[in-house]
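In the working numbering, the protein residues as written are 34 to 189.
Glycine included, C-beta positions come from ideal geometry on N, C-alpha and C.
Only a predicted model underlies this, so the values are computations on that prediction, with no experimental measurement involved.
For reference, the structure is listed below as structure tokens.
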């Protein structure tokens, strides 16, 4: 069993300072979990007065939506309020992008590609002023001037 004093934290979670507690809060993705964390005790509840609190809460309630130029090919499914699933119904090249511009702070994005049947898949970023046309391949001109992607597979 892990003992808090082995990690130099006196008093367990409540022995941590406000900066570390805010880091813990920033790793929470569901609003309901953040509310639970803040309501644990007076010390965690006091975090709402910290200057970083508003930025963290803005990231918690960040909605995710895609630009879907091919609604008959791409289906966007909400799994649990945080995780999303994109189903591709047809077998041709598509580039799908998020509606939001992620411009403040550090963001993370996780993706799992399943049932790709040997086709190349990629994840990347796109210039916010670029309008990706339907059936665009991220690896071809003129898209390469506006898209940076990390791909896996055998084609590119």
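Same chain only: Cβ atoms within 6 Å of residue 177, ignoring 5 sequence neighbours per side: There are no such residues.
Whole-Å CB distance - residue 110 paired with residue 118, under 8 Å assumed: 4 Å
Residue 144 versus residue 67 - alpha carbon distance: Looking at the two C-alpha atoms, the distance is approximately 23 Å.
Inter-stretch contact at 8 Å, needing at least 3 Cβ pairs: the segment 94 to 106 / the segment 123 to 134: yes
Terminal residues of the beta strand (DSSP E) in which residue 111 lies: 107 to 111
Sequence-distant residues of its chain with Cβ nearer than 7 Å to residue 183 (five each side left out): Around residue 183: 155, 156 and 157.
Residue 64 versus 86, 83 and 93, residue with shortest Cα-Cα distance: 93
Cα-Cα separation, residue 159 to residue 88: 24 Å
Per DSSP, the bridge partner or partners of residue 183: 156, per the DSSP bridge assignment.
First and last residue of the uninterrupted beta strand (DSSP E) at residue 123: No beta strand (DSSP E) contains residue 123, which DSSP labels as neither H nor E.
Whether residue 164 touches residue 134 by CB criterion (8 Å): no
Inter-residue CB distance, residue 81 and residue 70 (contact presumed, cutoff 8 Å): About 11 Å separates the two Cβ atoms, so there is no contact after all.
Under 8 Å between C-beta atoms of residue 85 and residue 55: For residue 85 and residue 55, yes; Cβs fall inside 8 Å.
Beta-carbon proximity of residue 83 to residue 51, cut-off 8 Å: yes
Cα-Cα separation between residue 166 and residue 49, rounded to whole angstroms: Going from the Cα of residue 166 to the Cα of residue 49 covers about 49 Å.
7 Å Cβ shell around residue 180 - same chain, five flanking residues per side excluded: Cβ within range, chain order: 157, 159 and 171.
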